[in-house]
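In this note's numbering, the protein residues as written are 6 to 177.
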């Protein structure tokens, strides 16, 4: 038989050391119930404690077992609720990953990274930037390769990550 402690005013039932707090109905005036697996007692707010033991064939069944059943039902409800929440979270994560990995999202990330790489070379195109015609041609070819990247076969790859065949930036 399990070890049981019930404290109705705290909405608390312990079963074999595991506590659950939830709403349940207990007899009016009951302060607590203690059961060690063989014997125990009910503490009343305005009366003497009632001893409980396995010597009384109905003590456990009538006084303790209903609280064990309440605890077990609440434990099962919480486990089902937790499983449902985990399933919802897994579904939401799968949907988030599907959206993140969609071709549209990968293409958007590719364009964003491509635009940042283009912007990093804007300074070379300024009229007063000290770059020679040959170097300017190399920069323009690099920039054109960046612009052409989204039209290449396989685009958008991984959305501008490690699998993207980025053109190599020239060393000036």
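In this text, a Cβ means the ideal position worked out from N, Cα and C, and glycines have one as well.
Report the rounded CA-to-CA distance for residue 163 versus residue 141, giving the unit in angstroms.
As a position in the chain shown, residue 163 is number 158, starting the count at 1. As a position in the chain shown, residue 141 is number 136, starting the count at 1. Going from the Cα of residue 163 to the Cα of residue 141 covers about 30 Å.
For residue 50, which of helix, strand or coil comes out of DSSP?
Residue mapping note: residue 50 aligns to position 45 of the chain shown, counting from 1. Coil at residue 50, not helix or strand.
Please list the terminal residues of the continuous beta strand (DSSP E) segment that includes residue 71.
Position 66 of the chain shown, counted from the start, is the residue given in the question as residue 71. Premise fails: residue 71 lies in the alpha helix (DSSP H), 70-105, not in any beta strand (DSSP E).
Please state the DSSP three-state secondary structure of residue 112.
Position 107 of the chain shown, counted from the first residue, corresponds to residue 112. DSSP places residue 112 in helix when its eight states are reduced to three.
Could you give the residue range of the beta strand (DSSP E) that holds residue 38?
Residue numbering aside, residue 38 sits at position 33 when the chain shown is read from its first letter. Segment 35-40, the beta strand (DSSP E) holding residue 38.
Between the region 86-103 and the region 139-154, can you find at least three pairs of beta-carbon atoms closer than 8 Å?
no
Keeping to the same chain, check which residues put their C-beta closer than 6 Å to that of residue 79; ignore five residues upstream and five downstream.
Taking the chain shown and counting its residues from 1, the one referred to as residue 79 is at position 74. For residue 79, where only same-chain residues beyond five positions count, the Cβ hits under 6 Å are 25 and 27.
Please report the distance separating the alpha-carbon of residue 73 from that of residue 57.
Residue 73 sits at position 68 when you count from the first residue of the chain shown. Residue 57 sits at position 52 when you count from the first residue of the chain shown. Each residue's alpha carbon lies about 15 Å from the other.
Pairwise C-alpha distance: residue 46 and residue 81
As a position in the chain shown, residue 81 is number 76, starting the count at 1. As a position in the chain shown, residue 46 is number 41, starting the count at 1. Straight-line Cα distance between these residues: approximately 27 Å.
Buried or exposed for residue 23, going by 16 or more other Cβ atoms inside 10 Å?
Here residue 23 refers to the residue found at position 18 of the chain shown. Classification for residue 23: exposed.
For residue 177, the three-state DSSP class (helix, strand or coil)
Taking the chain shown and counting its residues from 1, the one referred to as residue 177 is at position 172. Looking at residue 177 - three-state DSSP - the assignment turns out to be coil, as it is neither helix nor strand.
I'd like to check one pair, residue 11 with residue 18: are the Cβ atoms closer than 8 Å?
Taking the chain shown and counting its residues from 1, the one referred to as residue 18 is at position 13. Taking the chain shown and counting its residues from 1, the one referred to as residue 11 is at position 6. For residue 18 and residue 11, yes; Cβs fall inside 8 Å.
Coarse secondary structure for residue 157, derived from DSSP in three states:
Position 152 of the chain shown holds residue 157. Residue state, collapsed to three classes: coil.
Same chain only: Cβ atoms within 6 Å of residue 136, ignoring 5 sequence neighbours per side:
Indexing the chain shown from 1 puts residue 136 at position 131. 129.
What are the boundary residues of the beta strand (DSSP E) that residue 58 is part of?
Taking the first residue of the chain shown as position 1, residue 58 is located at position 53. Counting along the chain, the beta strand (DSSP E) containing residue 58 begins and ends at 55-58.
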